[in-house]
Amino acid sequence: MAAPVYRKAILVSRKESPKGYMHLVIREEQIAQTAGPGQFVMVRGWHTGDPILPRPFDIVLADPLKGIFRLCIKVEGKGTRFLSTLKKGSGLYVTGPLGKSITEFDSAGTALLVRGAGAAAVVFLAETLAKLKKPVYTVLSASTKSRLVCRSLLEQFSTDVFIATDDGTEGYSGNGTDLLDKLIEEGKVDTVYTCGAHRFARHVKALDLAGKVRGYLFLEGNMGCGMGDCHGCAVKKEGKDGYALVCMDGPVFRSRDVVVE
Amino acid sequence: MAAPVYRKAILVSRKESPKGYMHLVIREEQIAQTAGPGQFVMVRGWHTGDPILPRPFDIVLADPLKGIFRLCIKVEGKGTRFLSTLKKGSGLYVTGPLGKSITEFDSAGTALLVRGAGAAAVVFLAETLAKLKKPVYTVLSASTKSRLVCRSLLEQFSTDVFIATDDGTEGYSGNGTDLLDKLIEEGKVDTVYTCGAHRFARHVKALDLAGKVRGYLFLEGNMGCGMGDCHGCAVKKEGKDGYALVCMDGPVFRSRDVVVE
Amino acid sequence: MAGAGIEDPGQQVDLSVDIAGVRFPNPVMPASGTYEVDEIHDNFFSPSELGAVINKTIFLHPRPGNPPPRIWETPCGMLNAIGIPCDGAEAFIRDRLPILRRLGPPVVVSIAGETMDEWIELSELIESTGMADLLELNLSCPNLSEGIPWSTEEKTLERVVSTVVGRVKLPVVAKLSPVVTDIADMARTAEASGAAALSMINTYKGMAIDIKKKRPALGNITGGLSGPAIRPLAVWAVYSAYETVKIPIIGMGGVDGPTAAIEFLLAGASAVAVGMYNFIDPFAMKRTIEGIRTYLAEEGYSSVREIIGLGHG
Amino acid sequence: MAGAGIEDPGQQVDLSVDIAGVRFPNPVMPASGTYEVDEIHDNFFSPSELGAVINKTIFLHPRPGNPPPRIWETPCGMLNAIGIPCDGAEAFIRDRLPILRRLGPPVVVSIAGETMDEWIELSELIESTGMADLLELNLSCPNLSEGIPWSTEEKTLERVVSTVVGRVKLPVVAKLSPVVTDIADMARTAEASGAAALSMINTYKGMAIDIKKKRPALGNITGGLSGPAIRPLAVWAVYSAYETVKIPIIGMGGVDGPTAAIEFLLAGASAVAVGMYNFIDPFAMKRTIEGIRTYLAEEGYSSVREIIGLGHG
Ligand SMILES: Cc1cc2nc3c(=O)[nH]c(=O)nc-3n(C[C@H](O)[C@H](O)[C@H](O)COP(=O)(O)OP(=O)(O)OC[C@H]3O[C@@H](n4cnc5c(N)ncnc54)[C@H](O)[C@@H]3O)c2cc1C
Ligand SMILES: Cc1cc2nc3c(=O)[nH]c(=O)nc-3n(C[C@H](O)[C@H](O)[C@H](O)COP(=O)(O)OP(=O)(O)OC[C@H]3O[C@@H](n4cnc5c(N)ncnc54)[C@H](O)[C@@H]3O)c2cc1C
Ligand SMILES: Cc1cc2nc3c(=O)[nH]c(=O)nc-3n(C[C@H](O)[C@H](O)[C@H](O)COP(=O)(O)O)c2cc1C
Ligand SMILES: Cc1cc2nc3c(=O)[nH]c(=O)nc-3n(C[C@H](O)[C@H](O)[C@H](O)COP(=O)(O)O)c2cc1C
Ligand code: FES
Ligand code: FES
Chain A
1 MAAPVYRKAI
11 LVSRKESPKG
21 YMHLVIREEQ
31 IAQTAGPGQF
41 VMVRGWHTGD
51 PILPRPFDIV
61 LADPLKGIFR
71 LCIKVEGKGT
81 RFLSTLKKGS
91 GLYVTGPLGK
101 SITEFDSAGT
111 ALLVRGAGAA
121 AVVFLAETLA
131 KLKKPVYTVL
141 SASTKSRLVC
151 RSLLEQFSTD
161 VFIATDDGTE
171 GYSGNGTDLL
181 DKLIEEGKVD
191 TVYTCGAHRF
201 ARHVKALDLA
211 GKVRGYLFLE
221 GNMGCGMGDC
231 HGCAVKKEGK
241 DGYALVCMDG
251 PVFRSRDVVV
261 E
Chain B
1001 MAAPVYRKAI
1011 LVSRKESPKG
1021 YMHLVIREEQ
1031 IAQTAGPGQF
1041 VMVRGWHTGD
1051 PILPRPFDIV
1061 LADPLKGIFR
1071 LCIKVEGKGT
1081 RFLSTLKKGS
1091 GLYVTGPLGK
1101 SITEFDSAGT
1111 ALLVRGAGAA
1121 AVVFLAETLA
1131 KLKKPVYTVL
1141 SASTKSRLVC
1151 RSLLEQFSTD
1161 VFIATDDGTE
1171 GYSGNGTDLL
1181 DKLIEEGKVD
1191 TVYTCGAHRF
1201 ARHVKALDLA
1211 GKVRGYLFLE
1221 GNMGCGMGDC
1231 HGCAVKKEGK
1241 DGYALVCMDG
1251 PVFRSRDVVV
1261 E
Chain C
2001 MAGAGIEDPG
2011 QQVDLSVDIA
2021 GVRFPNPVMP
2031 ASGTYEVDEI
2041 HDNFFSPSEL
2051 GAVINKTIFL
2061 HPRPGNPPPR
2071 IWETPCGMLN
2081 AIGIPCDGAE
2091 AFIRDRLPIL
2101 RRLGPPVVVS
2111 IAGETMDEWI
2121 ELSELIESTG
2131 MADLLELNLS
2141 CPNLSEGIPW
2151 STEEKTLERV
2161 VSTVVGRVKL
2171 PVVAKLSPVV
2181 TDIADMARTA
2191 EASGAAALSM
2201 INTYKGMAID
2211 IKKKRPALGN
2221 ITGGLSGPAI
2231 RPLAVWAVYS
2241 AYETVKIPII
2251 GMGGVDGPTA
2261 AIEFLLAGAS
2271 AVAVGMYNFI
2281 DPFAMKRTIE
2291 GIRTYLAEEG
2301 YSSVREIIGL
2311 GHG
Chain D
3001 MAGAGIEDPG
3011 QQVDLSVDIA
3021 GVRFPNPVMP
3031 ASGTYEVDEI
3041 HDNFFSPSEL
3051 GAVINKTIFL
3061 HPRPGNPPPR
3071 IWETPCGMLN
3081 AIGIPCDGAE
3091 AFIRDRLPIL
3101 RRLGPPVVVS
3111 IAGETMDEWI
3121 ELSELIESTG
3131 MADLLELNLS
3141 CPNLSEGIPW
3151 STEEKTLERV
3161 VSTVVGRVKL
3171 PVVAKLSPVV
3181 TDIADMARTA
3191 EASGAAALSM
3201 INTYKGMAID
3211 IKKKRPALGN
3221 ITGGLSGPAI
3231 RPLAVWAVYS
3241 AYETVKIPII
3251 GMGGVDGPTA
3261 AIEFLLAGAS
3271 AVAVGMYNFI
3281 DPFAMKRTIE
3291 GIRTYLAEEG
3301 YSSVREIIGL
3311 GHG
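Protein chains in written order, with our numbering: chain A, 1 to 261; chain B, 1001 to 1261; chain C, 2001 to 2313; chain D, 3001 to 3313.
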């Protein structure tokens, strides 16, 4: 894997969709050319101050030819609020690509169980699987139809997308895990990636432990550096007395290897 | 005098002239309508961070009808650097008008001895004197011709402008104080305002103490609040064991009342 | 909202707190030395809306304060070496205290002595005016030539507090210095010495060097660091003292709005004071009061007292 | 510039400094626990360009570190409660130390003990490898469950430092905690106990409360505050120690580039360490070295040693 670079990059476009989620397209050739699915960048649009630390975001897609990559940022606190107001043409500091790229694509069928900002994390993987002509089934859920994240991108790369909404405004009215269970029952998937919601992580880990699927989690954690310097992004290892680092050992972990709260 | 307001105001135009000096025109009606010569504003274009404190700048001119006022900012450290990069239409926080407005205009002839950012401080006074049809002679100096600050504004309002440059590229080749001395000798001025350069302040104070003119100084000082809360902007009073506050008792002081280093 | 006929739940929230038997209508006040009550502030908000008012610390006798530069900006904070200039107690009682008294909110009078005799004389003098509700002892200014603050050494702290407490009926608030190994020890000492409440924290001793002049940036060489920069240290000071003492705590150090204020309340402060942020945003205290109200309403609390110390679990 | 045939005056400047008899090619190094030497950092700059290298503090035995969340951002700073996870001395000596040794710059090995016996055993073990130039005693981590840091109590400090100094020939660097009333006293104690140099400062004890969860933000409740926020306190620590001791000081706390580094040098530090800013700008140390060079050239100095302590006048 290529070592990350630290660069002042340019914001080439920005678009809000759905409300509260900002899609940023950033020009930085080396990151665009070396990034793989599962990797992230640390981004900073500010100098010494408050906020001060860079923030981690998954690489949604990278275009090595155009030298650009895309992020999808849920506006949460001050860092993401700041990034969401940056104008086209602004400079911002990026370090990346960081974390381990996903390199095993030998599954017969892969399911992606996502919701909210978690959807951003799996788009690159869906694209990679599609390129390899591997079946990929996405279970995308949200509170309501208008809150679905990265929907069109996931539809573009998935064999099939199943929608679940809490209020039934589209697709299945209920929990995305029900749709996942059905896919597994139907024998379509042997591998599941999930992220964000703890509920999903617990469900997938249970399936993994039961031997029904190979489960993988995109984990988060408060990050200082994104590259192993600070030991801030610890996640408890299953069974053992110790921690793994999300930025170095992940951000994607086999679900049975880590403790899920 | 009207109590100051604290507002989020809009930057309506910006222009660099000469290099390193940024002229900002800001829309804030109440400040524009109540400001007088000698007053200043505290300006902040940032949130909690570094920089954190607002910065003081003299009001160069105020247009009560259009509801705008102008600043001329010498780019020095991080605060002024930040302000100088603000784009037209940006919001910035202003508190003002602050400090005591000059209210005595009974002099037979007034001289303004200025250089660098100091020139910004006296434009409003020159305009006021011009409106009152009082003679005002400006001695404007700089290292070289292209470094003269607020020249056209001062020419507009002054009875006469005398230029001095250190390198002789325009006007008198030498110290502005020589031109001031000549004006006094010729009996044209009985009152002098100066600012910025300590050399000027010392010269004017000596003239004041010698009874040759009424001398006034536009003083500066590290300011926290600009309105008497912090007691940060102290300047030593002449003769007495104590300090005056630049923001409350000034920023314009009779030269013989304060200690000049 | 109210105009549209919709009820604002925030208006139902009880913001009042009790500090040593004195009722503050809300838990937000200025920190001593950072806010003046005068006409300059007329266009901002009325000081009568504050939880309490306080003067800049006074001494018995007039003092000029320190030579400039007196302040210096630092990352997310500032150093000050004002040195507490004042016109003396007499002028304060004549010219300033009546103005504070007439406003409405409780009046905290901040005092400091250069000697033990001065502490006593000044305390009794303030009490005799009948215009103070609480007496705050500034035991912690790092900018005095008199040497180390009164609250960095347990025996000295005990001596000042118990002496003053023995002389006046006014509830005494001990304002503590954070420049110690464990401020909870000092909090305990102050309580044991009879303090009715604590103010914490005063500024940290620090300095900056102007790299152009190659000299200390402040006229006094060192100054006191305040602002958001020190907030994590101030929150810990309050949190650890809350675990140790029973008397109420007025928390301060980097309060720049409601979020920071709520952090202090959750840590155990019964009220908060806003210091340097008054210089940056003249509405900071007003904004803090309104923001606390909104937070409480949104989180379903009916009184601010419900969240005091809640962060201890 | 050099390419254009124009001489760069910065290249003439001597950046080397002497720390306890060890020559640092320049005065900039990482702060322990904030920079790893590995392939991830390959595209930034080579660690061989640093003034010295240092490991994250190791203990004799493996330790897991603290439960997450381990870090929390604060205004111009961060809290960390990492808790010094480590694989133990054996793994360090086998896997990491040889990598540091091969780089070129002097190697500072940072150690900590849970007991006096561990301090001794670990010191002797490190010395026996022959791969360390300086031994830094981390006497000041605020995140250890073992209780208060070793350097907040004079007698304890004296005991650890003099014991280790008595056992090894390596020059010993005492890394001090700022959580004391007067760090200059601690500096003097460390010097008198035989320390050959000082590292100051480690982090301040602090905390934050997550107002949504209404719980301490860190898994460990408290953490250590570092970053530009504490720089004025760190500069004062170095300045006051410099007036007291003769041994060299490695200054740290909020160095984010050359300006801050120069402040420390003027205050009396012979070298500076960059901590959390490595997380924010992976080129921070490189930028600091180059910026010091430029400053010295512009100000007309031929050696960085000319400005050490110059701020004292
Ligand atoms: C590997 C990784 C990939 C991520 N990818 C994405 C993505 O593609 N899209 C997206 O919207 N979000 C993503 N996140 C979460 C995102 O980093 C946080 O939402 C963001 O840091 C919050 O910043 P803030 O300033 O808005 O929030 P604040 O709450 O103001 O942040 C305050 C502090 O808490 C930390 N913090 C708060 N929440 C989180 C969190 N959930 N994770 C890590 N640190 C946090 C911040 O680092 C900061 O130090 C990712 C996180 C990680 C670890
Ligand atoms: C009443 C008054 C009116 C002024 N009017 C003007 C004007 O019209 N045009 C103009 O260009 N400048 C003016 N100045 C000076 C201007 O305020 C400073 O140049 C500016 O604050 C520097 O900010 P900075 O962030 O760029 O510098 P930095 O050096 O980064 O500032 C760091 C800190 O030092 C303080 N500081 C540094 N230099 C000064 C200074 N000279 N005066 C006060 N504080 C300082 C700042 O407040 C800040 O806290 C005025 C100052 C005062 C007091
Ligand atoms: C300019 C300035 C002057 C101060 N003067 C006093 C004072 O006279 N008496 C006092 O007890 N505290 C004084 N303080 C300390 C504050 O009351 C407060 O304890 C400290 O600044 C922390 O709060 P902050 O971070 O909100 O500023 C002063 C602080 C500043 C910044
Ligand atoms: C994430 C983190 C981990 C740290 N770990 C150690 C450590 O293991 N040993 C140590 O002596 N200091 C440790 N420190 C303290 C730093 O070495 C340094 O003393 C302190 O952070 C001040 O410098 P800074 O403000 O530049 O970060 C750590 C600091 C941080 C932020
Ligand atoms: S974020 Fe610093 S080690 Fe993972
Ligand atoms: S700037 Fe605060 S009192 Fe003058």
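For glycine and all other residues, C-beta sits at the position ideal for the given N, C-alpha and C.
Asked: Within chain A, the residues that G1049(B) reaches when beta carbons sit closer than 9 Å; Found: W46, H47, T48, G49, D50, P51 and I52
Asked: T165(A) and K182(A) closer than 8 Å at C-beta; Found: no
Asked: Proximity test, Cβ basis, 8 Å: G2291(C) and chain D; Found: no
Asked: Min CB distance A201(A) to chain D below 8 Å; Found: no
Asked: Cutoff 8 Å: P2248(C) Cβ touching any chain A Cβ; Found: no
Asked: Chain-ordered residues of the region 2155 to 2177 of chain C with a beta carbon less than 7 Å from chain D; Found: none
Asked: Residue closest to L1217(B), alpha-carbon to alpha-carbon, out of K1237(B), L1245(B) and P1251(B); Found: P1251(B)
Asked: Spatial neighbours of R214(A) in its chain, beta-carbon cut-off 6 Å, leaving aside the 5 residues before and after; Found: T191
Asked: Any 3 or more C-beta pairs closer than 8 Å across the region 3046 to 3060 of chain D and the region 11 to 19 of chain A; Found: no
Asked: C-beta atoms of L3079(D) and P2232(C) nearer than 8 Å; Found: yes
Asked: D2210(C) - partner residues in DSSP beta bridges; Found: R2215(C)
Asked: Three CB pairs or more closer than 8 Å across the region 3088 to 3102 of chain D and the region 3235 to 3242 of chain D; Found: no
Asked: Exposure of V1041(B), with buried meaning 16 or more beta-carbon neighbours within 10 Å; Found: buried
Asked: For review: beta carbons within less than 7 Å of any heavy atom in ligand 8; Found: Because ligand 8 does not appear in the structure shown, any question about it cannot be addressed here, the ligands present being ligand 1, ligand 2, ligand 3, ligand 4, ligand 5 and ligand 6.
Asked: 8 Å Cβ cutoff met for G36(A) and D3038(D); Found: no
Asked: Whole-angstrom distance between L71(A) and T264(A), CA atom to CA atom; Found: Residue numbering for chain A in the displayed model covers 1 to 261; residue 264(A) lies beyond these limits and cannot be assessed.
Asked: Outcome for P2098(C) when other beta-carbon atoms lying within 10 angstroms are tallied against a minimum of 16; Found: exposed
Asked: Cβ of P3228(D) within 8 Å of any chain C Cβ; Found: yes
Asked: Three-state secondary structure assigned by DSSP to R44(A); Found: strand
Asked: Ligand 2 heavy atom lying under 7 Å from the CB of D1050(B); Found: no
Asked: Reference Y193(A); option with closest CA among C230(A), G118(A), L132(A) and G232(A); Found: G118(A)
Asked: According to DSSP, residues forming a beta bridge with K1133(B); Found: DSSP output for K1133(B) lists no bridge partner at all.
Asked: DSSP state of K1182(B) mapped onto helix, strand, coil; Found: helix
Asked: Pairwise C-alpha distance: G2257(C) and D2117(C); Found: 39 Å
Asked: Limits of the beta strand (DSSP E) - the one that P1056(B) falls within; Found: R1055 to D1058
Asked: Beta-carbon contacts of V3017(D) that lie in its chain and below 7 Å, excluding the five residues immediately before and after; Found: F3024, P3027, S3270, A3271, V3304 and R3305
Asked: Amino acids of chain E, ordered along the chain, whose beta-carbon sits closer than 8 Å to that of P2075(C); Found: No chain E appears in this structure, whose protein chains are A, B, C and D.
Asked: Range of the contiguous beta strand (DSSP E) that encloses A234(A); Found: A234 to K236
Asked: Check: P3228(D) C-beta below 7 Å from any heavy atom of ligand 1; Found: no
Asked: Whole-angstrom distance between L113(A) and M3186(D), CA atom to CA atom; Found: 56 Å
Asked: Interface residues of chain C facing D1178(B) [CB-CB closer than 8 Å]; Found: The premise fails here: D1178(B) is roughly 29 Å from chain C at the closest Cβ pair, so nothing lies under 8 Å.
Asked: The alpha helix (DSSP H) enclosing L1162(B), as first and last residue numbers; Found: Strictly speaking, residue 1162(B) in this sequence is Phe, with Leu absent from that position. Per DSSP, F1162(B) belongs to no alpha helix (DSSP H); it is in the beta strand (DSSP E), D1160 to T1165.
Asked: Continuous beta strand (DSSP E) stretch holding P1018(B): start and end; Found: Careful: P1018(B) lies outside any beta strand (DSSP E) and carries neither H nor E.
Asked: Assigned secondary structure, T1177(B) (DSSP; H/G/I helix, E/B strand, else coil); Found: helix
Asked: Status (buried if at least 16 other CB within 10 Å, exposed otherwise) for M2001(C); Found: Reliability fails at M2001(C), whose pLDDT of 38 lies under 50, so the model's placement of it is uncertain and no value is given.
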